[in-house]
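In the numbering used here, the protein residues as written are 18 to 116.
A quick write-up on the structure given underneath.
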Amino acid sequence: MTVNVNQDDNKYDVNIDGVIKSVSDSQSIKDALNSCTDSSKDVNINISNSFSVTSSVIGFFLKKVQADNLNITINVTDDRLFELFETLNLTEILNVKKA
């Protein structure tokens with residue numbers, strides 16, 4: 018799994034490519050998101066080539082939205098991952114979209 022952060026003006030894109038499955042994957046995502054939320058409240062998270070996400074990442078996304086008032090949009094390419102967010106009733110809270 019790889020994580021890249023790109024900035025365009027005051028908006029960030031966090032691009033995640035690959036299956037999110039390990040503790041180190043989760044930590045990489047958290048570090049990337051933390052690196053850009055100090056100066057911006059708008060972040061696009063693009064997840065490609067992954068059919069799952071760890072519970073710690075989901076919890077972290079929820080914390081960023083609900084406690085830190087971050088505006089995120091999560092774009093997913095895999096239907097199974099989108100269905101996971103739907104099943105957990107998180108598509109609206111986390112602004113999840115099919116890419």
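Glycine residues also receive a C-beta, built at the ideal position from the N, C-alpha and C atoms.
- From the listed residues T90, I89 and T104, the smallest Cα separation to D96 is found for T104.
- Counting the other CB atoms within 10 Å of its CB gives A116 a total below 16, which places it among the exposed residues.
- Counting only unbroken stretches of 4 or more residues, the alpha helix (DSSP H) elements lying wholly within the stretch 30 to 98 are 40 to 54 and 72 to 83, in sequence order.
- 9 Å or more divides the Cβ of V31 from the Cβ of V40.
- Of the residues assessed, S43 falls on the buried side of the cut-off, its CB having 16 or more other CB atoms within 10 angstroms.
- About 14 Å separates the CB atoms of N88 and K114; that is not less than 8 Å, and the two are not in contact.
- DSSP places T108 outside any beta strand (DSSP E), giving it a letter other than H or E.
- Closest option to Q83, judged by alpha-carbon separation, among V70, K28 and L111: L111.
- Between K81 and L50, the beta carbon gap of about 7 Å places them in contact (Cβ cut-off 8 Å).
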